[in-house]
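Residue numbers (our numbering), protein chains in the order written: chain A, 97 to 703; chain B, -15 to 256.
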């Protein structure tokens, strides 16, 4: 993976510092006097907030539900056991992810075929909606394993593994890649290898990125774990876990039970943060070697809380960037071979890209139709003929996909309307950031999927099914957009801001000429990741069934996957719906995000 | 007549270890038709001083006046040329030059005429539609200069404008700035140049404010009365360079014993 200098300089922001004057050391930001960093004393605050938020939230909820504390106690054992199952799955997935990341990341970074094969493969895997493959995995593993308990568990661990591992892999890969060459040469020249090499060279180089990426992995992991467990409640034998627990509690309108589970989950996440990630973060700080001239040092040494999500955003961004700029998905590449020369010429000629994209879109539609036909044919031949209801739903898939797409776009629009002003406020008003950012980080680290059952079963009457779906999608999209935009606004070069002030450019002029173009690359990468989050959330945002009387269903590709999973003989529908989703995601990436991203890096970069 | 007057300007900020003073008791004037250079070692707050003058930042104590009125907000009768150009990479040369003009709310015809004039004055013809990244460093700084001159400022502030350029480019741009400065048709009534390059200061300026650091204070004001064009190899030039150089280096020794009595420097300054 070639280092993309454009965004690196974007993160660095300041450009070549030359020999600009330096203020006394307390000022972190270079030549011009600026008040001491606003981030520096947010740590204790955020710690207090971290403790207070769950307590306050729990207390407030308890008060509104109006139940005595005594009745909670009855649910604690059940909830705790379910939470323990979930936790075990998380641990298993994390251990697997870590081992996989160390091996895969190291080999990808050190072997010549790593650049060519291993990294692109990872990019592709990371860009498809992994959750969509979960039902396929469950069904496949259920067939392979006689015990109905083993299959879903392996499938859910595998799902969490996929959500956890890719950014860990990129963390290891980048750590090894960015190891200073002279350090590597010294290691080789002294013949340091094996355990010593790992302990004294590789591990210290990786530990920082690993810890920060692990925090991110666990956040993503919780989201998907809860989602997967909720998903399994759609068909009888649910996985015992906090997700299914919450799902059933909300389905039974049992507020006390739901709240008990929720509070336990929050406590566990807070405990992990205080007991594991913060100490690990402090430990990892010791291994930081600041070679990078980029913005990392600029973020200050304010500890884990305040920087980790911005770092996380940077890592996500980097991942997306590599995914987008890299040669496209193999499917598209394969399809593009016949007219590659034409495409190349079209690509160079900026005035006529429409034909290229038209052909690409046509090919994708063709591939989609072909694959659906193949699936239907396979099931007709090797399995039972399609049921009329299943056939009807397969024919309805384009409509369902359209409905889902509209929901995702609407949710994205709402997210943008929230995230952009919030990001601008947080980065331009130090006081707002001091209070607001820790709160946002605490909220963002909580798996919103845990609230889905209550959104579905309690809020539905007030906001309708579509409102509930959009709300759920937003929880899966908002943070990607927000943290990307935040890092975008924060990395706006200070001298551009200063020039704007100096020449009296403010208000609308500042927004359209400086701010918006300045954050455009961050907006695009944020949008790509947010849409990725949205596709992944679709599968639980359109359908939930915890019993005949408690059923939530909208027309959509996500619910088609769920129905295909839940109903007997629904497998072709599930596979067809999944294919529709994957092809749509590829099409949107190729036809919308890639051209926009190319434009973003060509025009809207600092250099 | 003093165009800009700095009177006992200090700047400090609160840090974890208490109050940190950046500059103390800065007093000097910028007169009409003055080409003033502020020279000092890295870290002596020269750039901060320039920002205080325009009102981008505010002094902790002391007063800065422009035409006898205190500078309270950003003063748009001054324009800044930045060290690293601070051009907007997504705007063309013309759009960058009109950046400040549009903010002034001029009518579009006037903006166009003005930008054409200053693009021509700074030798940027033919590059109107280019983007900054397509230009060399020297050309970029011309855009920065055109942008600043286009708003017809009374005072042109230049923050190390040549230090991001290679020596040859810097030299030719210095010559051109001197030519522009000599042209009575062109705007600035005064120029304030911040630099750490002593020769550059002597070559360009009529007067040099020599500063020392930690906290920064004015060591001395040196009049440059060499005839123009100035010959860098002349003994007088060399002597002056040497004098300013000694002023700075002697103030920079760990125990500050002011070798030259300075009316404005605070003798209580402590090395940090």
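Just so it is clear, CB atoms sit at the ideal spot from N, CA and C, and this is done for glycine as well.
Contact residues within the region 25 to 50 of chain B, judged by C-beta distance below 8 Å to chain A = 26, 27, 28, 29, 30, 31, 32, 35, 38, 40, 41: these are the residues of the region 25 to 50 of chain B whose beta carbon lies less than 8 Å from some beta carbon of chain A, given in chain order.
CB contact flag (residue 181 of chain B, residue 127 of chain B, <7 Å) = Here residue 181 of chain B corresponds to residue number 197 of the second chain, with the count starting at 1. Here residue 127 of chain B corresponds to residue number 143 of the second chain, with the count starting at 1. Residue 181 of chain B places its beta carbon 7 Å or farther from that of residue 127 of chain B.
Looking at the structure shown, is residue 12 of chain B part of a helix, part of a strand, or coil, going by DSSP?
-> Your numbering for residue 12 of chain B matches position 28 in the second chain. Residue 12 of chain B: strand per DSSP, three-state reduction.
Chain A contact for residue 68 of chain B (CB, 7 Å cutoff) = Taking the second chain and counting its residues from 1, the one referred to as residue 68 of chain B is at position 84. Output row for residue 68 of chain B: interface = yes.
Whose CA, out of A:514, A:563, A:232, lies closest to the CA of residue 658 of chain A?
-> Walking along the first chain from the start, residue 658 of chain A turns up at place 562. When only C-alpha atoms are compared, the closest one is A:232.
Beta-carbon gap between residue 700 of chain A and residue 74 of chain B smaller than 7 Å = Position 604 of the first chain, counting from 1, holds the residue named residue 700 of chain A. Position 90 of the second chain, counting from 1, holds the residue named residue 74 of chain B. Yes.
State the Cα-Cα distance for the pair residue 635 of chain A and residue 290 of chain A, rounded to the nearest angstrom.
-> Here residue 635 of chain A refers to the residue found at position 539 when the first chain is read from its first residue. Here residue 290 of chain A refers to the residue found at position 194 when the first chain is read from its first residue. Between the alpha carbons of residue 635 of chain A and residue 290 of chain A lies a distance of about 44 Å.
Do you know how far the Cα of residue 375 of chain A is from the Cα of residue 261 of chain A?
-> For this step, residue 261 of chain A is matched to residue 165 along the first chain. For this step, residue 375 of chain A is matched to residue 279 along the first chain. Roughly 22 Å separates the two Cα atoms.
Sufficient close CB pairs (3 or more, under 8 Å) joining the region 186 to 193 of chain B to the region 219 to 230 of chain B = The way I'd put it, the region 186 to 193 of chain B does touch the region 219 to 230 of chain B; three or more beta-carbon pairs between them come closer than 8 Å.
Inter-residue spacing [alpha-carbon to alpha-carbon] between residue 652 of chain A and residue 299 of chain A | Here residue 652 of chain A refers to the residue found at position 556 when the first chain is read from its first residue. Here residue 299 of chain A refers to the residue found at position 203 when the first chain is read from its first residue. C-alpha separation (whole angstroms): 46 Å.
Residue 629 of chain A, enclosing alpha helix (DSSP H) - first and last residue = Your numbering for residue 629 of chain A matches position 533 in the first chain. Residues 612 to 637.
Using 7 Å as the limit for Cβ to Cβ distance, is residue 595 of chain A near chain B?
-> Within the first chain, numbered from 1, the residue matching residue 595 of chain A stands at position 499. Interface with chain B (7 Å Cβ-Cβ cutoff): residue 595 of chain A is included.
How is residue 601 of chain A classed by DSSP in three states: helix, strand or coil?
-> What you label residue 601 of chain A is simply residue 505 of the first chain in a count that begins at 1. Here residue 601 of chain A sits in coil by DSSP.
Whole-angstrom distance between residue 32 of chain B and residue 172 of chain B, CA atom to CA atom | One-based indexing of the second chain puts residue 172 of chain B at position 188. One-based indexing of the second chain puts residue 32 of chain B at position 48. Note on geometry: alpha-carbon atoms of residue 172 of chain B and residue 32 of chain B lie some 21 Å from one another.
Got a sec: is the Cβ-Cβ distance from residue 64 of chain B to anything in chain A below 7 Å?
-> Numbered from 1 along the second chain, position 80 holds the residue referred to as residue 64 of chain B. Yes, contact with chain A.
Hey, is residue 311 of chain A's beta-carbon within less than 7 Å of any beta-carbon in chain B?
-> For the purposes of this step, residue 311 of chain A is identified with residue 215 of the first chain, where counting begins at 1. Interface flag for residue 311 of chain A against chain B is unset, since no Cβ pair is found closer than 7 Å.
Cross-strand partners of residue 142 of chain B (DSSP beta bridge) | Position 158 of the second chain, counting from 1, holds the residue named residue 142 of chain B. Beta-bridge partners of residue 142 of chain B (DSSP): B:65, B:177.
Quick one: does the C-beta of residue 347 of chain A sit closer than 6 Å to a heavy atom of the ligand ATP?
-> Among the components modelled here there is no ligand, and therefore nothing to report on the ligand ATP.
Could you tell me which residues DSSP puts in a beta bridge with residue 54 of chain B?
-> For the purposes of this step, residue 54 of chain B is identified with residue 70 of the second chain, where counting begins at 1. Note: residue 54 of chain B is bridge-paired with B:49 in the DSSP secondary-structure output.
The beta strand (DSSP E) spanning residue -9 of chain B covers which residue range?
-> The count along the second chain starts at 1 and reaches residue -9 of chain B at position 7. Secondary structure note for residue -9 of chain B: its beta strand (DSSP E) is the uninterrupted segment -14 to -1.
Verify the CB distance criterion: does residue 90 of chain B have a CB-CB separation below 7 Å to chain A?
-> What you label residue 90 of chain B is simply residue 106 of the second chain in a count that begins at 1. So, not an interface residue.
Over the uninterrupted beta strand (DSSP E) stretch that includes residue 698 of chain A, give me the two end residues.
-> Locating residue 698 of chain A in the first chain gives position 602, counting from the first residue. Here residue 698 of chain A belongs to no beta strand (DSSP E); instead the alpha helix (DSSP H) covers 690 to 699.
The region 74 to 104 of chain B: which residues have C-beta closer than 9 Å to a C-beta of chain A, in chain order?
-> Against chain A - using a Cβ distance shorter than 9 Å - the residues of the region 74 to 104 of chain B are 74, 75, 79, 83, 84, 85, 86, 87, 88.
With C-beta atoms as the reference, is residue 228 of chain A less than 7 Å away from residue 674 of chain A?
-> Here residue 228 of chain A is taken as the residue at index 132 of the first chain, counted from 1. Here residue 674 of chain A is taken as the residue at index 578 of the first chain, counted from 1. Yes, these two residues count as a Cβ contact at 7 Å.
Contact between the region 501 to 520 of chain A and the region 570 to 585 of chain A (3+ Cβ pairs under 8 Å) = Touching, per the Cβ criterion.
Mark residue 157 of chain B as exposed unless 16 or more other C-beta atoms lie within 10 angstroms of its C-beta, in which case mark it buried.
-> The count along the second chain starts at 1 and reaches residue 157 of chain B at position 173. Result: buried.
Does any residue of chain B bring its CB to less than 7 Å from the CB of residue 598 of chain A?
-> By 1-based counting over the first chain, the position of residue 598 of chain A is 502. Chain B contact via Cβ: present.
Grab me the residues of residue 57 of chain B's own chain with a C-beta within less than 8 Å of its C-beta, minus the 5 sequence neighbours each way, in chain order.
-> Within the second chain, numbered from 1, the residue matching residue 57 of chain B stands at position 73. Excluding positions up to five away in sequence, the list reads 39.
Straight-line Cα distance separating residue 597 of chain A from residue 251 of chain A | To locate residue 251 of chain A, count along the first chain from 1; it is residue 155. To locate residue 597 of chain A, count along the first chain from 1; it is residue 501. Residue 597 of chain A has its alpha-carbon roughly 56 Å from the corresponding atom of residue 251 of chain A.
So what's residue 642 of chain A in DSSP terms, helix, strand or just coil?
-> The residue labelled residue 642 of chain A in the question sits at position 546 within the first chain. Of the three classes helix, strand and coil, the one that applies to residue 642 of chain A here is coil, per DSSP.
Beta strand (DSSP E) containing residue 202 of chain B: first to last residue?
-> As a first step, residue 202 of chain B must be located in the second chain, where it is residue number 218. Element bounds for residue 202 of chain B: 201 to 207.
Bounding residues of the alpha helix (DSSP H) (the contiguous stretch that carries residue 194 of chain B) | Position 210 of the second chain, counted from the start, is the residue given in the question as residue 194 of chain B. Annotation: residue 194 of chain B is outside any alpha helix (DSSP H); the continuous beta strand (DSSP E) that includes it extends over 191 to 196.
Pair every Cβ in the region 553 to 562 of chain A with every Cβ in the region 613 to 633 of chain A, then say whether three or more of these pairs are closer than 8 Å.
-> They do not touch, by the three-pair rule.
Per DSSP, cross-strand counterpart(s) of residue 5 of chain B = One-based indexing of the second chain puts residue 5 of chain B at position 21. Answer is B:-4.
Using a beta-carbon distance cut-off of less than 8 Å, what residues from the region -8 to 20 of chain B approach chain C?
-> Within the model displayed, chain C is absent; protein chains A and B are what it includes.
Within-7 Å CB hit, residue 201 of chain B to chain A = Within the second chain, numbered from 1, the residue matching residue 201 of chain B stands at position 217. No, its Cβ sits nowhere closer than 7 Å to a Cβ of chain A.
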